[in-house]
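Q: In full-length UniProt numbering, the protein residues as written are 1 to 783.
The beta carbon of each residue, even a glycine, is placed where N, CA and C say it ideally should be.
Just so you know, these numbers come straight off a predicted model, no measurement behind them.
Please find one structure pasted underneath; my questions will follow.
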């Protein structure tokens, strides 16, 4: 057993976990492999399978530091004199062979090991305590790691998209993998192979579901009703939580394709393919509510001018029925006839809903709400040329709402298994924007927010080999969900930005369940903060070569990436987030002497800024020297909209106030930093201090010219960031300030601020040092 055995070509810039090797062990024919684990030495066995000859083969992971331990055990077993019971007999007697492992040693699938030139989804079966090492190493290798997980008592299954050489390199650089298989789960099998057994599969899942707690948050589906008595939905949806804006419509799902029912299934389970394929309990962290606000075919169609009022009336129903329940509103309904950046009565109504200032809200701002809305879909066409340029398809009304979280789509689904589509491929590659998803590329960037903010799985289209034909709705490129006519078939497929929006709402409700005290503004910030760009998205951003306008253009297609629930709920060792919820008064009016010598109120002016002393792990950052560190800042708040003639082109007239953030420069003193924002800190007549240029941000100031959520990523040397330990949140003008006749200048403004630092160096433990620093609270200074 030497350093050349079992994958040891380790790259310390990428590697995560203990360095080690794999050793293949084989039993005698018809004997079982013994347990060759030694927990104290961290020696583990996995990938056990039976050969055609009747022997058992497995792969043993041995830390490099403990290879001599295993060699000693083997040597002791073979060196005992005849007639004396050998040492370690129980472990060694059944063994026929011990040899260096290769990739095939971990392959337990019945199908052949993939060829060298094939790229596919691999199931990496990981030891539970090592999952983070696999994810860190995979990201270091720029491999796509799926967000979905299958969890078993001892293992977690992580899908990774890679070629055979790439997966071999991954094994060389982490200590997490117990075995490998080809990822197989696809909605296609439930509509073909298991079509007649759909009800049995659904019943099996129902028996394993742990219902949500009585006080759990809910995803409220605004749609055309839900099949509330579907067995898979009834565990999370009560009839008393199903509402309609017209009693004559009833509350059931009237849509021919069961859109509301499909949304409900996705909001509760995500892609049902994976919980159906699992074997353990499925715990529901949130429940469902339904409001039927789309008229059935027999009713008179609502006028578009009334969509905003109808939506506001719809959300009032569950709040009356369950006033203390936390909820996130989910709407995958858009106006296909209206698209673009201009606020409408519908998008402004959503902004009012979120800000808690819609008609019927007793105390303005007392009830803030989180609203998730779809960006809208690019229509179907058999001719790829018709939809080849996604920039020609702007986001649909009302997803331009500033306060709503607008959801777009990406896709990981590329494997086509549907009959009749040999030679076809996914129109989008793994990790790229879904070909269904709309964007805000053609908006005027200087006065509009980045939309969508995040993307979730939306499925893929298929394109033929010649590129002349494109189709949507293939089972294997879609998501599995609940069907309206469940007495016939309980399962069906769903695709495009509707299921992406349902997943976004489910994500938000999961955060609410884990952190019930967080504000809606904070939950929205956490979703965006947790998002990460896929390797394909990073490839597109890197192609911009630092040109900020080009980076913003790319972000207007896929936002800030794909949210990661584990990142939203906790910080990893080398990924540390600090969260602040604050309230400031952005404007003030002071008395001054008028021309006649009498006191008068001056025009409203900017009032206060907040400054946070950040407890950076200074020693760890300085030790990184010139190694790159990423700093991510997310600022989230809800504006009160003012819809007028100039609102579409002037953010300061549409927003009640605005907030921005800034980070102290490395060479700037704390006093100079504060003096930049606070005039009262400067001597009368003193010029505002100038700041050094700050070009390390990915998007820069142009990306935060509008909207109520701002996010940017700074990348630079760790030593430089160590000196940048103060962040400011400060106001900018809005109609509260400019329209004095409305007397709103003294209103308070809430916000959520999240600041995180990340390094790709897995050997650096930022978390431990920052926990020590956090024994004293983060200092907030008001200026």
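1) Hey, quick one: how far does the alpha helix (DSSP H) through residue 171 stretch, first residue to last?
2) Thinking C-alpha only, which one of 746, 567, 741 is nearest residue 731?
3) Can you tell me whether residue 377 is helix, strand or coil according to DSSP?
4) Since residue 339 is in the beta strand (DSSP E), which residue starts that stretch and which ends it?
5) Report the residue from 676, 529, 369, 543 whose alpha carbon sits nearest the alpha carbon of residue 632.
6) Please report how far the alpha carbon of residue 377 lies from the alpha carbon of residue 337, in whole angstroms.
7) If I measure Cβ to Cβ from residue 646 and keep anything under 8 Å in the same chain, skipping five residues before and after, which residues do I get?
8) Bridge partners of residue 126, per DSSP?
9) Which same chain residues end up closer than 7 Å to residue 523 when comparing Cβ atoms and leaving out the 5 residues on each side of it in sequence?
10) Would you kindly report the start and end of the unbroken alpha helix (DSSP H) that includes residue 58?
11) Check whether the segment 490–506 touches the segment 195–203, counting contact only when three or more Cβ pairs, one atom from each stretch, lie closer than 8 Å.
12) What does DSSP give as the partner residues of residue 592 in its beta bridges?
13) Give every residue of the same chain whose Cβ lies closer than 7 Å to the Cβ of residue 723, excluding the five residues on either side of it in the sequence, and list them in chain order.
14) How many Å lie between residue 291 and residue 220 at the Cα?
15) Indicate whether residue 555 and residue 756 have their beta-carbon atoms separated by less than 8 Å.
16) Output the boundary residues of the alpha helix (DSSP H) element that contains residue 553.
17) Where do the N-terminal and C-terminal ends of the beta strand (DSSP E) with residue 661 fall, by residue?
18) Where residue 548 and residue 329 are concerned, what is the direct C-alpha to C-alpha distance, given to the nearest angstrom?
19) Closest by CA to residue 520, which one among 36, 326, 47?
20) Quick one: is residue 320 buried, meaning 16 or more other Cβ sit within 10 Å of its Cβ, or exposed?
21) Under the assumption that residue 375 contacts residue 308 (Cβ atoms under 8 Å), give the Cβ distance between them as a whole number of angstroms.
22) Do you know whose CA, among 658, 444, 140, lies nearest residue 748's CA?
23) Ends of the alpha helix (DSSP H) at residue 346?
24) So, does the segment 621–641 touch the segment 714–728, judging by three or more C-beta pairs under 8 Å?
25) According to DSSP, is residue 395 helix, strand or coil?
26) Hey, how far is the Cα of residue 138 from the Cα of residue 671?
27) Per DSSP, what kind of secondary structure is residue 18 in: helix, strand or coil?
28) Could you pull the start and end residues of the alpha helix (DSSP H) that residue 503 belongs to?
29) For residue 332 versus residue 263, is the C-beta distance shorter than 8 Å?
30) By alpha-carbon positions, which one of 415, 92, 345, 751 ends up nearest to residue 525?
31) For the alpha helix (DSSP H) containing residue 714, list its first residue and its last residue.
32) Assuming residue 237 contacts residue 288 (C-beta within less than 8 Å), just tell me the rounded distance between them.
33) Helix or strand or just coil, what does DSSP make of residue 437?
34) What separation, rounded to the nearest whole angstrom, lies between the Cα atoms of residue 651 and residue 579?
35) Between which two residues does the beta strand (DSSP E) holding residue 292 run?
36) Opposite residue 223 in the DSSP bridges: which residues?
A: In this structure, then:
1) Counting from one through the chain shown, the residue named residue 171 turns up at place 171. Annotation: the continuous alpha helix (DSSP H) that includes residue 171 extends over 164–172.
2) Locating residue 731 in the chain shown gives position 731, counting from the first residue. Ranking 746, 567, 741 by Cα distance to residue 731 puts 746 first.
3) Taking the first residue of the chain shown as position 1, residue 377 is located at position 377. It is a strand residue.
4) Mapped onto the chain shown, residue 339 falls at position 339. That run of the beta strand (DSSP E) goes 335–339.
5) If you number the chain shown from 1, residue 632 lands on position 632. With respect to the C-alpha of residue 632, the residue from 676, 529, 369, 543 having the closest C-alpha is 529.
6) For the purposes of this step, residue 377 is taken as residue 377 along the chain shown, with counting starting at 1. For the purposes of this step, residue 337 is taken as residue 337 along the chain shown, with counting starting at 1. If I take the Cα positions, the gap works out to 12 Å.
7) Numbered from its first residue, the chain shown carries residue 646 at position 646. Caution is warranted here: a pLDDT of 48 is assigned to residue 646, below 50, making its placement in the model unreliable, and no coordinate value can be reported.
8) By one-based count along the chain shown, residue 126 stands at place 126. Paired residue(s): 156, 177.
9) Taking the chain shown and counting its residues from 1, one reaches residue 523 at position 523. These residues qualify, in order along the chain: 370, 508, 511, 512.
10) In the chain shown, counting from the first residue as 1, residue 58 sits at position 58. Counted as a single uninterrupted DSSP element, the stretch harbouring residue 58 is not any alpha helix (DSSP H) but the beta strand (DSSP E) occupying residues 56–63.
11) Three or more beta-carbon pairs drawn from the segment 490–506 and the segment 195–203 are found closer than 8 Å, and the two stretches are therefore classed as touching.
12) The sequence position of residue 592 within the chain shown is 592, counting from 1. DSSP lists 600 as partners of residue 592.
13) Position 723 of the chain shown holds residue 723. The beta carbon of residue 723 is closer than 7 Å to those of 666 in its chain, skipping five residues each way along the sequence.
14) For the purposes of this step, residue 291 is taken as the residue at position 291 of the chain shown. For the purposes of this step, residue 220 is taken as the residue at position 220 of the chain shown. Their backbone Cα atoms lie some 7 Å apart in a straight line.
15) Counting from one through the chain shown, the residue named residue 555 turns up at place 555. Counting from one through the chain shown, the residue named residue 756 turns up at place 756. In this structure, residue 555 lies away from residue 756, with their beta-carbon atoms at least 8 Å apart.
16) As a first step, residue 553 must be located in the chain shown, where it is residue number 553. 548–558 is the extent of the alpha helix (DSSP H) around residue 553.
17) Here the question's residue 661 lines up with position 661 in the chain shown. 658–663 is the span of the beta strand (DSSP E), which, as asked, contains residue 661.
18) Mapped onto the chain shown, residue 548 falls at position 548. Mapped onto the chain shown, residue 329 falls at position 329. Rounded to the nearest angstrom, the two C-alpha atoms are 33 Å apart.
19) The residue you call residue 520 lines up with position 520 of the chain shown. Distance check between residue 520 and each of 36, 326, 47 places 326 closest, using alpha-carbon atoms only.
20) Here residue 320 is taken as the residue at index 320 of the chain shown, counted from 1. Result: exposed.
21) Along the chain shown, read from residue 1 onward, the residue named residue 375 stands at position 375. Along the chain shown, read from residue 1 onward, the residue named residue 308 stands at position 308. Incorrect: roughly 18 Å between the Cβ atoms, too far for contact.
22) Mapped onto the chain shown, residue 748 falls at position 748. Nearest of 658, 444, 140 to residue 748, Cα basis: 658.
23) Residue numbering aside, residue 346 sits at position 346 when the chain shown is read from its first letter. Bounds of the alpha helix (DSSP H) holding residue 346 are 345–355.
24) Contact between the segment 621–641 and the segment 714–728 is present, with at least three C-beta pairs closer than 8 Å.
25) Counting from one through the chain shown, the residue named residue 395 turns up at place 395. Residue 395 falls in the coil class under three-state DSSP.
26) For the purposes of this step, residue 138 is taken as the residue at position 138 of the chain shown. For the purposes of this step, residue 671 is taken as the residue at position 671 of the chain shown. Approximately 43 Å between the Cα atoms of the pair.
27) Numbered from its first residue, the chain shown carries residue 18 at position 18. In this structure, DSSP gives residue 18 a state outside helix and strand, which the three-state scheme calls coil.
28) For the purposes of this step, residue 503 is taken as the residue at position 503 of the chain shown. Unbroken alpha helix (DSSP H) run through residue 503: 497–514.
29) By 1-based counting over the chain shown, the position of residue 332 is 332. By 1-based counting over the chain shown, the position of residue 263 is 263. Cβ atoms of residue 332 and residue 263: closer than 8 Å.
30) Here residue 525 refers to the residue found at position 525 of the chain shown. Per the Cα distances, 751.
31) Counting from 1 along the chain shown, the entry for residue 714 is found at position 714. Element bounds for residue 714: not the alpha helix (DSSP H) but the beta strand (DSSP E), 709–717.
32) Taking the chain shown and counting its residues from 1, one reaches residue 237 at position 237. Taking the chain shown and counting its residues from 1, one reaches residue 288 at position 288. Sure, about 4 Å apart at Cβ, within 8 Å.
33) As a position in the chain shown, residue 437 is number 437, starting the count at 1. The three-state secondary structure of residue 437, taken from DSSP, is strand.
34) Locating residue 651 in the chain shown gives position 651, where the first residue counts as 1. Locating residue 579 in the chain shown gives position 579, where the first residue counts as 1. Distance from the CA of residue 651 to the CA of residue 579, rounded to the nearest whole angstrom, comes to 27 Å.
35) Within the chain shown, numbered from 1, the residue matching residue 292 stands at position 292. If you look at residue 292, you'll find it in the beta strand (DSSP E) that goes 287–292.
36) As a working note, residue 223 is residue 223 in the chain shown. Looking at the DSSP output, residue 223 sits in a beta bridge with 292.
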